[in-house]
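Below you'll find the structure, written out as structure tokens, and then a few comments.
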Amino acid sequence: MKFAFGLALFASSALAASHFNGLNYNPKRQDGSCPVVDQVRQDLQVLRPYTNKLRIYSVNDCNQGEPVLRAMENTDWKVELGLWVNQNDAVYQADKAELLRLAKYFDFNKQVAAVIVGSESIYRGEQTAEQLAAKVKDTKAALAAIGLGNIPVSSSETWPTYYKPLIDAVDFVNMHGFPFWEGVAVDRCWRQDAQAGGKKVVIGETGWPTAGDNYGAAIASPENTLNYMQQFICRANKEGIDYYWFNSFDQSWASHNNASNVEGNWGIIKSDYVTPKFQEPMYVCDGSVSSSVESSSAAESSKTVESSEAAKTDATKTDATETAAPRLLPPRLLPTLVPRLPMLRPPTPPPPRSRPTLTPLPRAPPPLPRSPSARSTRSMPLLSSWYYKMTFK
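Numbers -16 to -1, 1 to 377, taken from mature numbering (1 follows the signal peptide of the UniProt record, and there is no 0), label the letters of the sequence shown in order.
Now the structure itself:
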């Protein structure tokens, strides 16, 4: 069965580009089982029309780091590898040990965009800024000791909890911003450059849920998801801002044992791992359109452009409203539930977001070491030039 996936088509030329700078990804299956390499490969095939960069939250939980890196071998995929951090130091130590083990068998310089130590650990009250900063420095030292000191290391926090000790420790600021929870536009994250000490700011998580419980005046719906997507992505693209959209797939397990059932409904793909939630175009930005085309070849994209131009010509001769490609929603500003004025004080924190329980799992023996000749010796600059070119004025 064929599915039409979107490619960005700009007015000036046909450009096969990713819809998203990056996507957050948890390869755990909907029944809570751990992924195998073939399942991850299938996920990558589904996500490929949208991006070639993913972020995972733990290399050790469900042993997910290995199948993700294995599935990405010999491709242009890149991944931000997460080390989970909570109040139990053994969890961090296990993730760090697994990170170093994986570094022996995979080409981190080619595959790994960054290492993210902790995700909202301060926000959940499980770490202080000083404790988390120490773990960031510890991870950087461990990577440097095996010749991977060029891999950027950061930590993810919400904007009110990204304190100076952590900013001083990271290579770049990786900040989460959710207007749905915080009742404030993500501009608040972008304005943190003054406190970032000249370091680049990346939006590590942002998005809007399509279903589930509402939060105050914030309504979880596909319409509001597309409205926010339109507003955020167009500005991010215009200003060259790096970001990871939350989330790739709906995760039904994320709503289990959670007071709010909104947690499982942030994906752009449904929980069957196949079906896109939205018709194309998902958003329209400044003379560019996002169109539904087959992703199998560039030739198909070219044909789509030609047919689109022909349709426009025909539309001028007949009724334009009958021939113009429909868009699911017109571009418009978000409802007033996302105020534009800066806040004078941090918002009341939302309910803690559910995360998977990290449990030790039996692991198969490590793969056999590959010969040194099989490992690429090329080093990647700090992430990449476009990753760090961002400035926020």
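C-beta: ideal position from N, C-alpha, C; glycine also.
Buried or exposed by the 16-neighbour rule on C-beta atoms within 10 Å, applied to residue i
i, result
"Thr259", "exposed"
"Ser232", "buried"
"Thr59", "exposed"
"Pro326", "Residue confidence is low: Pro326 scores 30 on pLDDT, short of 50, so the model does not pin down where it sits. Its coordinate-derived value is still stated next. Pro326 is exposed by the Cβ-count criterion."
"Lys222", "exposed"
"Lys80", "buried"
"Glu114", "exposed"
"Ala78", "buried"
"Asn249", "buried"
"Glu57", "exposed"
"Lys119", "buried"
"Thr332", "Unreliable placement is indicated for Thr332, whose pLDDT of 45 sits below 50; no coordinate value is reported for it."
"Asp22", "exposed"
"Gly49", "buried"
Backbone CA spacing between residue i and residue j [nearest angstrom]
i, j, result
"Val52", "Ser205", "31 Å"
"Leu150", "Val43", "22 Å"
"Pro136", "Ala97", "7 Å"
"Asp270", "Ile100", "33 Å"
"Leu116", "Ala125", "14 Å"
"Ile130", "Lys88", "9 Å"
"Ser17", "Asp234", "15 Å"
"Gly200", "Gly251", "21 Å"
"Asp15", "Gly182", "43 Å"
"Ser236", "Ser255", "7 Å"
"Phe156", "Val24", "28 Å"
"Phe164", "Gly102", "22 Å"
"Asp73", "Tyr267", "43 Å"
"His3", "Ala128", "34 Å"
Three-way DSSP call (helix, strand, coil) for residue i in this model
i, result
"Met159", "strand"
"Arg108", "coil"
"Trp229", "strand"
"Phe4", "coil"
"Ala204", "coil"
"Ala180", "coil"
"Ala55", "helix"
"Ala97", "strand"
"Pro33", "coil"
"Asn188", "Rather than Asn, the amino acid found at residue 188 in this sequence is Gly. Strand at Gly188."
"Arg13", "coil"
"Cys269", "strand"
"Leu150", "helix"
Beta-carbon proximity of residue i to residue j, cut-off 7 Å
i, j, result
"Phe230", "Asn8", "yes"
"Gly6", "Tyr228", "yes"
"Asn36", "Trp61", "yes"
"Val63", "Leu38", "yes"
"Ala153", "Lys184", "no"
"residue 416", "Glu141", "It is not possible to answer for residue 416, since the shown part of the chain is limited to -16 through 377."
"Thr190", "Thr209", "no"
"Gly196", "His160", "no"
CB contact check: residue i to chain B, cutoff 7 Å
i, result
"Pro163", "No chain B appears in the structure shown, which is made up of a single protein chain."
Check: residue i C-beta below 6 Å from any heavy atom of the ligand SAM
i, result
"Arg25", "In terms of ligand content, the structure shown is empty, and the ligand SAM therefore cannot be addressed."
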